[in-house]
Each structure stands twice: as C-alpha cells, then as structure tokens.
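K.L.:
Chains as they are written, first to last, in our numbering: chain A, 1 to 564; chain B, 1001 to 1198; chain C, 2001 to 2357.
1) Mind pulling the chain A residues with CB within less than 8 Å of residue 2085/C?
2) Just how far apart, CA to CA, sit residue 2085/C and residue 225/A?
3) Given that residue 393/A touches chain D, what residues does it touch there, using C-beta distances under 7 Å?
4) Which residue marks the beginning of the alpha helix (DSSP H) containing residue 395/A, and which one marks its end?
5) What did DSSP end up calling residue 566/A once you bin it into helix, strand or coil?
6) Compute the beta-carbon to beta-carbon distance between residue 2228/C and residue 296/A, rounded to the nearest angstrom, for a pair I have assumed lies under 8 Å.
7) Establish whether the CB of residue 1047/B and some CB of chain A are separated by less than 8 Å.
8) How about the stretch 2185-2204 of chain C and the stretch 2044-2054 of chain C: do they share at least three Cβ pairs that are nearer than 8 Å?
9) Considering only the beta carbon of each residue, do residue 479/A and residue 522/A sit closer than 8 Å?
10) Between the C-alpha atoms of residue 2250/C and residue 2257/C, what's the straight-line distance to the nearest angstrom?
11) If you compare alpha carbons, which of 2109/C, 2259/C, 2222/C is closest to residue 2241/C?
12) List, in order along the chain, the chain C residues whose C-beta lies closer than 8 Å to that of residue 77/A?
13) With residue 458/A and residue 502/A assumed to form a contact (beta carbons below 8 Å), what rounded beta-carbon distance in angstroms separates them?
14) Measuring CB to CB, does residue 1045/B end up less than 8 Å from residue 241/A?
15) Within 10 Å of its beta-carbon, does residue 209/A have 16 or more other beta-carbons around it, so buried, or fewer, so exposed?
16) Might you give, ordered along the chain, the residues of its own chain that have their beta carbon closer than 6 Å to the beta carbon of residue 1076/B, omitting 5 neighbours on each side?
17) Under a CB-based cut-off of 8 Å, is residue 2191/C close to chain A?
18) Rounded to whole angstroms, what's the CA-CA distance from residue 56/A to residue 553/A? Just pull it up for me.
19) Under 7 Å Cβ to Cβ from residue 278/A, same chain only, skipping five residues before and after it: list those, please.
20) On the three-state DSSP scale, how would you describe residue 27/A?
21) Near residue 399/A, which residues of its chain fall below 7 Å by C-beta distance, leaving aside the five closest residues on each side in sequence?
22) Hey, residue 116/A and residue 108/A: beta-carbon distance below 8 Å or not?
23) When we look at the beta-carbon of residue 2214/C and count the other beta-carbons within 10 Å, is it buried (16 or more) or exposed?
24) Going by beta carbon distance, what residues of the same chain come within less than 8 Å of residue 435/A, once the five residues before and after it are set aside?
25) Does chain B have any CB closer than 8 Å to the CB of residue 234/A?
26) Name the DSSP beta bridge partners of residue 2166/C, please?
27) Flag this pair as yes or no: are the beta carbons of residue 1223/B and residue 236/A separated by less than 8 Å?
28) Which word fits residue 2158/C, buried or exposed, when buried means at least 16 other C-beta atoms lie within 10 angstroms of its C-beta?
29) Between the C-alpha atoms of residue 1195/B and residue 234/A, what's the straight-line distance to the nearest angstrom?
30) Per DSSP, which residues does residue 2086/C bridge with? Please list them.
31) Given that a residue counts as buried once 16 or more other Cβ atoms are within 10 Å of its Cβ, and exposed if not, what is residue 2115/C?
32) My parser needs the alpha helix (DSSP H) runs of 4 or more residues fully inside the stretch 90-138 of chain A; what are they?
33) Counting only C-beta atoms, is residue 565/A closer than 8 Å to chain B at any point?
34) For residue 2153/C, which three-state DSSP category applies?
35) Please state the DSSP three-state secondary structure of residue 2091/C.
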C-alpha cells in the first residue's frame, strides 16, 4: 500500500475533522473568500446555471411575442432589449462561466495537481466576472435610457456601429454593454492564463502532454484561443467607449470612420468565440463517450491535432459573418474557403467519436444520452454551417432565421447538450451523490423533443424570408404557423430545464451515494474521494499512460503497452 | 497495483516543468499583443483618411531620444536580472533604478510631446481620425509603461528595505519579461506612427 | 457588390449556368430553374423570380445534395453503431477490444472532406464572381437606394424622380434584359436591402457605398424588408418592389416626374398652409412647393403608394389621419414626432395630402 500512489476506494480519509456547526454567515464567508479551485468551479457553474434560467426566461418571452403576428405582448423597445440581453447573457454569463467553471474544477484533478497555478488570481477572476455580469443586469433598473423602461442594452449582442454611437443610442444602454463586458473580459483573461499555466507547469509526474486527458487538452487549447479572442473585443469596446465619451471617431462615419471596421473587429472576436464555446463541449464529449462506450478514444493524437487545427483555422474565418457588407469578390471567396476548411478538422472529430462508439458496449445512462444527441445535432449544425459558408447562398440566409436556427443548433444542440452530459457525469464527483436517473431521462427526452420542435422548424421560416431581430412580423407572409410551432417547442424546453433544476437540488440531499468512481472511468479525478478532499490527492499521483485507472483495473492489459 | 508506480526508465530522472510565472506572463503578453494589434490595425487603416485637421506630417516630431531611453531600459533591466541572479543586490538596485529613470524620461518625453500637440497644434483625441487613433495607441502603450514602472518601483522599494535577494530572481525575471514586452510594443508603435504613418 | 467589365449580361448568364453535364443530368432541376416564379405573399428564397435568386437556388440544391449525402452516410453509421453496439443484458462483463486508432482510416476520412471542400469552393467562387462582378449593361436602370431609420428613399437620378418605400422597376427578360442596378447608401445606421425572390441581400452602410442588381422576370409586387438591425423599428421597415411591364413603368415614371398637383379648393389650400407652417416642410419635400425637407420621405406622390410608414399600414385616409395625429401609435420609436395638431388641422392636412397623387 505504501508504494501505491492512488488511494484505494474506502481507504483512510485524511481530511481534516469538520469543525463544529458553522453559522450561515461563516459558511457564506468561506465561499466568498475561497481560493479552492473546486469551490470556485462550483461558484462559476452555479452562477452560469442561474443565468441560464434568466436568459431562458427571456427566450420564452421572445417566443411568446413571436408566436402570433403583430403581437403586443412586448413593445418594440422591450423586445429589442430582451433579444440583446438574451444573446449577451447566454454567451458571456452562461457559456463562458460554465465552461471555465468546469475547467476550474476538473483540470487540476485530471492532471494530478492540488490546485490551479494561481489560486488567488483564480478567485479574483471569478469575482471580476461575476461583478461584470451583475453590472450588465443592473442596466435593467439603472441608468437613464431614452426608450422604455430601464437601460438594458438594445443594440443586438453584436452592437454594430453606428447604431451604438451617441447620436443613435443616447442614454446608457450601450455603455452598460461595453463596460460590463470589458470587466468580464479581464476576468476571463485571468482564468485563461491560469489554466494555461496550470497545465504547463503543474502536471503530475509521468503525465506528458500526450498523456493528458483530452478534456484538459481541449481546455488548454480553449484557454489559448481565449487569450486572442476576448482581447480584440476588449480593444473594440475601448474604442467604442472612446467614441462615446471622448468624442473619438473610430466608428464615426461622419468623420471618415468606418462602420465596417467595427464589424471586422467584432467578428475577429465573435467567430473564434464560438469555438471558445464549443471546444469545451468537445472536451466533455471526449470524456463521456469513451467511458460509456467502454473503449479508449479513437485516435487521441488526431483529436489533439484537430483541436489545435480548429483553434488556428478559426482565426481566419471571421468575415463569413460579413458576406453581405460589400467586400470584394476575392475577399468573399477567401472566407468561403477558410470557413469550409475549418469544417475538416471538425468533421474528423465526429468520425473519431463514431469510431470510438464502434465496437463498444454502449451504456445509455443520462450523460451518454445527451452525448449521442450531441453527435447527431452537431453533425447537422456543422452541415448547416457549410451551407452558410456558401457566400451567394449566404446572401439570402444571412440575418434570417436560418442563421438563428444554425447557431442555436450549435449552442444548444451541441454545447448545452454536452454541458448537461458533463453535469450528469461529474455531479457525483462534486457532491458525492448521483443525479436521479428517472428525472434525468425526463429532462433528456423533453429537452430533446422541445429542442427539435423549435429549432428544426426555425430553419424553414428562415428559408421563407423571415429576418431576425424583428419584434413582430406581417400576418400575410406565411410565417405564422411555423412561429407558433417554434414557440411551443420553447415551452417544452423550459419545462425540461426546470426538471433539471429540481433534480440538481433534490439529488444534493437525497441522491444515491456515489463513491469514488460510480461510472467505472479511467482518469485521475475518479481516483479520489467524492467530493474530493480540499487537497485533492493524499499523495501526488504518478502516471504512465493516458488512462491511469484503466492500468490499475487491468494490470494484465495496461494502456502503456500500446501507447507510442 | 504496483504496475502504476513502475515508471519507464526515462522518467526516473527529473520531472521538469516550465515555471508557472513565466508561462502566465507569456500568456498575458499574448493577450495584450492581441489588444495592441487591434489598435495598430485601426491606426494603419485610418492613415490618410482624416477629413480635416492636422496631419501626422504637419505635427509629429520623431521622439528619438525617448525611444533610445526606453529601449536602453531593456538593457538595464537585463543587467539587473543578471545582478540578482548572482545575488548582487546593490548592483541590482542600481540597474533597476536606472531602468526606472529611463522609463520616466520616456514618459516625460511623451508628456512634453502631447502638451505641444494639444496646445500648440490643436490635436486632441476628438479632432480627427489621426487624433483618435494616435492618442489611443500611444496612450495605451504609455499606460502599460506606467503600470510597468509602478511594479518596478515597488520592487525598487523592497530592494531599498533589504527584502530582495537571489531567491526572487525568478519573479524578477517574470517582471522583466513584461518590461521587454512593453519595449517591443514601442518598437511596433514607433514604426507604425512615426515611420509608416508619417 | 460592384459592377466591373464590359461584357453583356447575356454572356454572364450563360457563363454562370452550371456545367453542361451537370445540367443535363439534372434536367428536372434545370427546368425548375428556367421556370420563373411570380410574386407571392411569402417571400421564399426558393421562389426565385430574378437571375441572381435563380442562380443562388441552383447552387443551393447542389450544396444541399452534397451535405444531404454526408448527413445520411454519417447519421446512418451513427444510428447503426448506437443500436448494434449497445450493451445487452446477456453480455460478458469484460471490456470490448480497445482500439486506439488506425492511420489508414484516419487518412481516408481526412482526404475525402478535403476533396468535398475543393468542389464546394470552386463552384461557389464561380458564382460569387458572376453575381458580384456582373457588368452593368447599357439598358440597365439606375436607382439609388438610401436607407433611413425606418424607411427607404429611392432616387432615379436619370429621371429626376424621388420616392419612398415602394420601388418600381421595369420587367426584364432573358431575350431583352432590362436589369435594375441599385446603388446602396445610408443616411444613418446600417440597413440591408432584402427581397428574397429577387436577389440575396446587400447592406446599406453609411460611408460605404454598395451596389446590387436584379432583373425581375415576372411582373407583380414582391415583398421584402430591412435585414440588418437598425434600431427600434427595424421590424417595420418593410419593402415593396413593383415589377412593372414597360407600359406600366413608363406611365408610373411619367407621373412621378410631375411636380405636385396645384391645390385648388379652399380646404386643400388650408391643408397646404398647415403643411407649410406646422414644420412638416422642414422634414418632407413636395416638389413644386416650398417644402424641400430631406429628413423624411418625399411626399410629392404620396397617394400613389399603397402603404404608409414603410409598409406599417395601408394607405387610407383614416390611417393617414391617425398616423399624423400620433405616429407612435403605429410605429413607436419612429422619428416622426406627433405635432400636436388639432383635429381640424389634421382633416385639412389630409385633404391636401390626398391631392398628392
């Protein structure tokens, strides 16, 4: 036992004895001052799930308004604030937070470290991000907006110039958008730097880069991409604030400035950003699919190479959001090619997952259900992405509901589905209890049905000429039934997510006890207790392959005999 | 069970990983470079596009002296690094002080230049596209110089109170990475503003 | 999209047509392509009535057939795998064989996508150049479109015509093409000109002139709307394109070229006085009168339009009265203020405006 570097299940609990009952205040204080990566990870994810419910409610409101033509459920002003906030919230307060929450919790555990490289920076980054989000939401009640109630941003989440200029957006709506995202951006930057430093500098003995779990590899690539993705947005937002408050002319078309320059800067951020959001979904799939197929991931080196390839190529595709702005035909052609090229490593990943499942013994627990749906849905999303990359066809589809359907297919159909998979997979590790399988299956099937009812239908109304960002539409355009169906699906999704929220809370108190390794998995986080002690591992682990627990469980057939 | 603890011979030796401070500073530099790149691109794009007001040719004077000072400060901080690696605290303090002085001279030069531009030439951030892009880019760089000088000064104060020794060489190396970055950015800004843009 | 070289539009159409082999292999599709759709209430991109829209649809089917093929193959394999390899009750408890990779398979599924990308790229690039760089023939009509918050200004520079929101263009045909080349400008924020049956959309961006073209092949009224979020009432910045036969078009043009009809009876004259003294003329133009405002739509031939406020409501006397009384009732956030006129003033004003045919 002395030679063993991994604690056996049920071995001595070396955690400090719990102090006597703490008051609520002491409890909260612990959480506010924590620098423990696990607690910060939980804070990020809880924050993200809260805003998932908020932005989801905004989506339901949007769909109620659009369920019938010329509806008056919301005024134009309110609707424009809602769709702007829905997008901004989902990308920054839900996507980025949940992703970095997962990374925060899991990366140190997976690489055999005791915490992140910079625990205090970690805490600081979280609170910066959290504060930025609260600043954004303060806009509903603060400021002195000209139109309607409150001052929430109403310029679209892409905030095109010159609509955001002082002349066209008096009041503080745009300022809330720019300033809160600048603040959140610094938080994100801190966390990304932390993850990179942790992965490069704190891996346990024997864990070379090519033996790291793919989840951690992808979080490394993701963090690197984040460094050069968020920063252009921060720069552009500084420029916007300079225009609005120091009478600068960056995007001032009256002074020779260019609205198109804002578009370039925004999409130089905006496109890689969607890869920042989707790579962690791949990261989760890379962990869940092998474990529930009972097979190692097929083509680990290719998966690493494809992820790095995606990150690099994604930096060259941004102007496929700008096919209609009047770039030269040569420029348009270039971005068609670069966009299609990023589809190649992405497609390769799908094939690798297919090959992982092939020949396996698939267990259909809730995490795997979400991942299987992810595979089909991501395939479709990728294909509609290829359709959108065809510039002349894009001239019809751009800014229509076809685009909205496409990106929701990625954001919900791929990313949210994988996040759900990840939560069902790692909740036992975080809390020590399993999420209820029955509620999980209800959640899955209702969400799946609602998702498809809404977003499959949405593609068609886009093909029929319905543009996005409109608070209402004409009754004689033939879009009515499709919109009603789309809205109905939204309600079903809402119910599914509520079941999920109930499951999270209920299982915390009444879930089945999980033990160290309820899924019979292979990476280091499953070798320690559930929840892990504050120091993670009793002894620093030493590894010899990509699946240290497989080696432990199969001493007659260890991975290191097969890995190059 | 014991199979896990048997490492292949290659790993019986040292398990050497890069220093987390250096990796983190490298990450910060990459992120900051992206921010500067956007401001540089905006500057380059808007060259010659101002609709009115003073042009770079009319009002810009090449800050040769300030540039020499700032670039020399990279040398002096490198000397400081070498001193502290050899535990030569006095030498370190001297070179660090020199670095700070050179940085302050650079900032002073910028201040004098801006005073002239604003009060004599009438160029402000709101005058025209040149004004907007010039003050943003040079100002962004100057802000980074100020932050760097603040950190260097804090270290200098710790040196004077005798707290600094060889054990801090690694952290000082990380700080000087930042300072070198600031200088490298100046090379780019200088080229774009005073050479290409004029 | 800016026009460039010297060739005729006929050459361009032929050059753009898919390769002969492909065309003959998909004769039904080709027939579909040739059959022109008339205008319909639902502005579907798959009911093209103009060459750019037709070409885009042909490319669309081609791409759809490839992506559809990919979908069926991959989804088919996934479905098979998920069913065939599920863990069954009677299974042995051992783990399945661990396969770590296969260079040949991985190479194959890299090379095939590269080839598909190449094919897609080449067919796409060809159409980009054909549509975007299509030369403007002599017979083309030039229209300048200026986007405003939240209405469209149309100017026919060669004819001295200025109108708003409802664009009239001549019918074109393959035999004698009469395309309309649109110059796209903006007076304030970004907008986008989108009439799906006629062409893909092109943006109107201030300080960044764009152009696009259409050659409508069937007469009638085509609908569209602004497709770039431009502010509060973006949703009600609707678009109508009336494709007129040559006779209809010259009649319309001739009418539009006339200055406003003189106001003869007392009520109309009173209305004109209201118009000119209550600040209407500071925003609106009525040609032939002192009203030369440029901020709002030209009203010289207001009654020749079917809708008011860029399609927000039909152009009837009641709607006009209600609109003038309180524009926010129809389009809350639009830039026309309620001028606090009395009901009598509004009646007179409407009488006057009704003469502007």
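Quick reminder that beta carbons are idealized off the backbone N, C-alpha and C, glycines included.
P.N.:
According to the structure data:
1) Residue numbering aside, residue 2085/C sits at position 85 when the third chain is read from its first letter. Chain A residues near residue 2085/C: 293, 357, 358, 359, 360, 361, 362.
2) The count along the third chain starts at 1 and reaches residue 2085/C at position 85. The count along the first chain starts at 1 and reaches residue 225/A at position 225. Straight through space, the alpha carbons of residue 225/A and residue 2085/C are spaced by roughly 36 Å.
3) Given the protein chain composition of this structure (A, B and C), no chain D is represented.
4) Position 395 of the first chain holds residue 395/A. From DSSP, the alpha helix (DSSP H) with residue 395/A extends over 391-397.
5) Because residue 566/A is not part of the residues shown, which for chain A are 1 to 564, the question remains open.
6) For the purposes of this step, residue 2228/C is identified with residue 228 of the third chain, where counting begins at 1. For the purposes of this step, residue 296/A is identified with residue 296 of the first chain, where counting begins at 1. Residue 2228/C to residue 296/A, Cβ: 48 Å. No contact.
7) For this step, residue 1047/B is matched to residue 47 along the second chain. Taking Cβ atoms only, chain A never reaches closer than 8 Å to residue 1047/B, which makes this a no.
8) Yes, since at least three Cβ pairs between the stretch 2185-2204 of chain C and the stretch 2044-2054 of chain C fall closer than 8 Å, the two stretches touch.
9) Mapped onto the first chain, residue 479/A falls at position 479. Mapped onto the first chain, residue 522/A falls at position 522. Their beta carbons are not under 8 Å apart, which means residue 479/A does not touch residue 522/A by this criterion.
10) As a working mapping, residue 2250/C is identified with position 250 in the third chain. As a working mapping, residue 2257/C is identified with position 257 in the third chain. About 10 Å.
11) For the purposes of this step, residue 2241/C is taken as the residue at position 241 of the third chain. Ranked by Cα distance from residue 2241/C, the options 2109/C, 2259/C, 2222/C are led by 2222/C.
12) The residue labelled residue 77/A in the question sits at position 77 within the first chain. Residues of chain C passing the Cβ test: 2232, 2332, 2333.
13) Numbered from its first residue, the first chain carries residue 458/A at position 458. Numbered from its first residue, the first chain carries residue 502/A at position 502. Contact doesn't hold; Cβ gap of about 28 Å is too wide.
14) Sequence index remark: in the second chain, residue 1045/B carries index 45 (1-based). Sequence index remark: in the first chain, residue 241/A carries index 241 (1-based). The Cβ-Cβ distance between residue 1045/B and residue 241/A does not fall below 8 Å.
15) Position 209 of the first chain, counting from 1, holds the residue named residue 209/A. Residue 209/A should be labelled exposed.
16) In the second chain, counting from the first residue as 1, residue 1076/B sits at position 76. In the same chain as residue 1076/B, and ignoring 5 residues on each side of it, the C-beta atoms closer than 6 Å to its own belong to 1095, 1098, 1099, in chain order.
17) Indexing the third chain from 1 puts residue 2191/C at position 191. No, residue 2191/C does not count as interfacial toward chain A.
18) If you number the first chain from 1, residue 56/A lands on position 56. If you number the first chain from 1, residue 553/A lands on position 553. Those two C-alpha atoms are separated by around 43 Å.
19) Taking the first chain and counting its residues from 1, the one referred to as residue 278/A is at position 278. Excluding positions up to five away in sequence, the list reads 410, 414, 415.
20) Locating residue 27/A in the first chain gives position 27, where the first residue counts as 1. Correct three-state label for residue 27/A: helix.
21) As a working note, residue 399/A is residue 399 in the first chain. Excluding residues within five positions, the ones whose Cβ falls inside 7 Å are 467, 468.
22) For the purposes of this step, residue 116/A is taken as the residue at position 116 of the first chain. For the purposes of this step, residue 108/A is taken as the residue at position 108 of the first chain. In contact: residue 116/A and residue 108/A (Cβ atoms closer than 8 Å).
23) Against the third chain, residue 2214/C aligns to sequence position 214. Classification for residue 2214/C: buried.
24) Taking the first chain and counting its residues from 1, the one referred to as residue 435/A is at position 435. The residues are 366, 423, 424, 427, 428, 503, 504, 507, 511.
25) In the first chain, the residue the question calls residue 234/A occupies position 234. True, the Cβ-Cβ gap to chain B drops below 8 Å.
26) Sequence index remark: in the third chain, residue 2166/C carries index 166 (1-based). Beta-bridge partners of residue 2166/C (DSSP): 2240/C.
27) Summary: the structure shown does not reach residue 1223/B, with chain B confined to residues 1001 through 1198, and so no result is reported for it.
28) Here residue 2158/C refers to the residue found at position 158 when the third chain is read from its first residue. The C-beta of residue 2158/C has fewer than 16 other C-beta atoms within 10 Å across all chains shown, which makes the residue exposed.
29) For this step, residue 1195/B is matched to residue 195 along the second chain. For this step, residue 234/A is matched to residue 234 along the first chain. Pairing residue 1195/B with residue 234/A, the inter-Cα distance amounts to about 27 Å.
30) Against the third chain, residue 2086/C aligns to sequence position 86. According to DSSP, residue 2086/C bridges with 362/A.
31) Residue numbering aside, residue 2115/C sits at position 115 when the third chain is read from its first letter. Exposed, because fewer than 16 other Cβ atoms sit within 10 Å of the Cβ of residue 2115/C.
32) Whole alpha helix (DSSP H) segments, 4+ residues: 96-110, 119-138.
33) Lying before the first or after the last residue shown, residue 565/A is absent from chain A, which here runs from 1 to 564.
34) To locate residue 2153/C, count along the third chain from 1; it is residue 153. Residue 2153/C falls in the strand class under three-state DSSP.
35) As a first step, residue 2091/C must be located in the third chain, where it is residue number 91. Of the three classes helix, strand and coil, the one that applies to residue 2091/C here is coil, per DSSP.
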